[in-house]
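Take 1 as the starting number for the sequence shown in UniProt numbering and just add one per residue.
Even for Gly, the Cβ is constructed at its ideal location relative to N, Cα and C.
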Amino acid sequence: MSARATPLRERSGVRPEIQALRAIAVLAVVIGHVWPRFAPGGFVGVDVFFVISGFLITGQLIRERERTGTIALRSFYLRRARRLLPAAIVVLAVCAVLTLVFVPRGLWEQYLGEIVASLLYVQNWFLAIASLDPTRAVLDASPVVHFWSLSVEEQFYLVWPLLIILCYAAIGVLGRRGPRIAPVFGVVLGAVTIASFVYCVLQTGVSASDVAYYSTFARAWEFGLGGLLAFLPLAHSFLTPRQRGVISWLGVAAIVGAVLAWRDPGAFPGPLAVVPALGAAAVIIAGAPELSWGTIRIARLRFVQWLGDASYSLYLWHWPIIAFLPFITGVPTPWYVLIGVLALCLVVAGLSLRFIENPIRFRTPGFVRARTAILGGLVALAAGTVGASAWGIWAAAAEFG
């Protein structure tokens with residue numbers, strides 16, 4: 001390890017194997033929702049996303065600190081908001097309108113309450129607390145139930161930079177003769193990761209509640225695992241391309257095996273979550289060795305890379321489309337119709353990526369010219385979503401007591 005903390009494979013641009021990991025993760029989730037018989041463990045895609053986020057965000061923050069001498073919290077939070085909020089606000093606003101138009105009033109309080117919780121990025125705790133109430137009927141899977149994982153991610157983004165800043169501050173207090181950032185952060189992050197994993201194992205399955213499944217504390221170890229990867233030396237320095245190719249395939253096999261084999265989300269995250277998490281870690285460590293039989297040949301396919309780009313939009317839109325369809329049509333959705341639903345999800349995700357995510361994220365000329373109007377519109381949309389949800393909750397409470 002060098003004196004300076006060197007995140008794995010520091011270079012500008014997109015890593016195709018990580019884009020492919022995103023594609024695998026989102027496909028696992030979507031297929032698990034569309035055809036659960038074929039991907040009963042599709043929920044492990046979320047675990048893969050958590051490891052990826054831990055790796056990427058840790059590397060970005062460390063590189064910024066070493067390049068500039070500081071971590072600009074305001075800029076970091078603004079970048080995260082610009083990346084994640086616009087599409088999420090649009091999805092939640094659409095969900096609020098469709099709920100008020102198509103969903104029976106008996107479900108308004110739950111659905112609209114979850115929409116507000118999702119907008120505030122506390123949906124995971126809303127669901128965790130609800131699962132603790134033995135007198136409450138089992139919650140219907142609302143159109144925004146999948147926002148629980150996005151809430152966990154946002155909470156990670158809120159805390160993680162502060163943890164890294166504290167590590168650097170501790171080194172500053174110790175002075176020049178103190179340890180460098182890599183061992184300090186390794187110890188701190190290792191302790192957080194181990195503590196979270198122990199809590200995760202102990203909490204999973206101890207009661208009929210889903211607290212462990214939704215808890216940020218029970219999921220923090222997956223971000224921690226990704227963060228620790230950011231401090232590993234380059235795989236090229238100690239592994240041959242052939243070894244890296246084998247490790248990459250083993251990682252993919254672990255993830256796909258979990259998707260096909262794990263059937264009980266109630267036993268999650270627990271020890272079983274180690275399999276997809278380590279699978280994601282293996283792919284990240286291996287990188288992209290140039291081998292005729294390597295995973296990189298698949299990872300570089302145009303559709304796979306596009307799916308990685310669109311993974312956030314696809315994750316956002318797929319479940320509302322699936323969940324609202326029976327309310328709109330009035331009948332359960334046959335399995336063969338779900339083929340068209342999957343195609344619709346891909347189309348909507350592509351449109352969302354092109355017209356909502358990318359213009360704001362990359363500050364295209366059109367966005368720059370209309371920035372004030374767009375930002376004002378998003379704020380108004382968020383406020384309108386909260387207002388409509390509050391009215392719906394009040395109306396449902398007044399009707400059903």
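Should residue i go down as buried or exposed, given a rule of 16 or more other Cβ atoms within 10 Å for buried?
i, result
"V138", "In this prediction, V138 scores a pLDDT of 48, lower than 50, which makes its location untrustworthy; the coordinate-derived value is nonetheless stated afterwards. Looking at its Cβ environment, which holds fewer than 16 other Cβ atoms inside 10 Å, V138 is exposed."
"G190", "exposed"
"Q243", "exposed"
"S75", "exposed"
"A383", "exposed"
"D264", "exposed"
"P7", "Bear in mind that the predicted position of P7 carries a pLDDT of just 41, short of 50, making it unreliable; the figure below should be weighed with that in mind. Classification of P7: buried, given that the 10 Å Cβ count is 16 or more."
"G340", "exposed"
"A87", "buried"
"T135", "For T135, the predicted model reports a pLDDT of 48, less than 50, meaning its position is unreliable and no value from the coordinates is stated."
"Y336", "exposed"
"T240", "exposed"
"L301", "exposed"
"V116", "buried"
"G387", "exposed"
"A141", "exposed"
"V379", "exposed"
"L225", "buried"
"A349", "buried"
"W262", "buried"
"A218", "buried"
"A230", "buried"
"W394", "exposed"
"V14", "exposed"
"residue 410", "Here the chain covers residues 1 to 401 and nothing more, so residue 410 does not appear."
"F126", "buried"
"L307", "buried"
"G178", "Confidence at G178 is low in this model, with a pLDDT of 49, below 50, so its placement is unreliable and the value that follows should be read with caution. By the 10 Å Cβ count, G178 comes out exposed."
"F355", "exposed"
"R4", "Because the pLDDT of R4 is 41, which lies under 50, any placement of that residue in the model is unreliable, and the number read from its coordinates should be weighed accordingly. Its Cβ having fewer than 16 others within 10 Å, R4 is exposed."
Would you check if the distance between the CB atom of residue i and the CB atom of residue j is smaller than 8 angstroms?
i, j, result
"A23", "V259", "no"
"A96", "S389", "yes"
"E154", "D47", "no"
"V51", "A277", "yes"
"residue 403", "G392", "Outside the displayed span of the chain (1 to 401) sits residue 403, for which this structure offers no information."
"Y157", "I57", "yes"
"P36", "I296", "no"
"L316", "V91", "yes"
"T385", "A93", "yes"
"A323", "P143", "yes"
"L342", "V26", "no"
"V173", "W319", "no"
"S131", "V211", "yes"
"I89", "L381", "yes"
"G279", "G245", "no"
"G42", "G54", "no"
Please report the Cβ distance between residue i and residue j, rounded to the nearest whole angstrom; I am assuming they are in contact, meaning their Cβ atoms lie under 8 angstroms.
i, j, result
"A220", "V252", "Not confirmed; about 25 angstroms, so no contact."
"V201", "G270", "6 angstroms"
"L344", "I321", "6 angstroms"
"I255", "V44", "7 angstroms"
"L21", "V275", "So it is not a contact: roughly 15 angstroms between Cβ atoms."
"Q19", "A299", "7 angstroms"
"A128", "S248", "So it is not a contact: roughly 35 angstroms between Cβ atoms."
"residue 408", "F327", "Residue 408 lies beyond the range of the chain shown here (1 to 401); nothing can be said about it."
"G186", "L232", "Incorrect: roughly 10 angstroms between the Cβ atoms, too far for contact."
"F268", "Y213", "6 angstroms"
"P183", "L73", "Going by Cβ atoms, the distance from P183 to L73 rounds to 24 angstroms, so no, they are not a contact pair."
"I164", "I62", "7 angstroms"
"F49", "S149", "7 angstroms"
With a threshold of 7 angstroms (Cβ to nearest heavy atom), would residue i be considered close to the ligand ADP?
i, result
"G279", "For the structure depicted, the ligand ADP is absent and the ligand set is empty, with no information on it obtainable."
Using a C-beta cutoff of 8 angstroms, does residue i count as contacting chain D?
i, result
"A390", "In the displayed structure, chain D is absent; only one protein chain is listed."
Say whether the stretch 278-294 touches the stretch 105-116, bearing in mind that this needs 3 or more beta-carbon pairs closer than 8 angstroms, one atom from each stretch.
-> By the C-beta criterion, the stretch 278-294 is judged not to be in contact with the stretch 105-116, since fewer than 3 inter-stretch pairs fall below 8 angstroms.
Using 8 angstroms as the Cβ pair cut-off and three pairs as the minimum, do the stretch 118-128 and the stretch 140-159 touch?
-> Yes, the stretch 118-128 touches the stretch 140-159.
Per the contact definition of three or more C-beta pairs closer than 8 angstroms, is the stretch 325-335 in contact with the stretch 66-81?
-> With contact defined as three or more Cβ pairs closer than 8 angstroms, the stretch 66-81 and the stretch 325-335 are not in contact.
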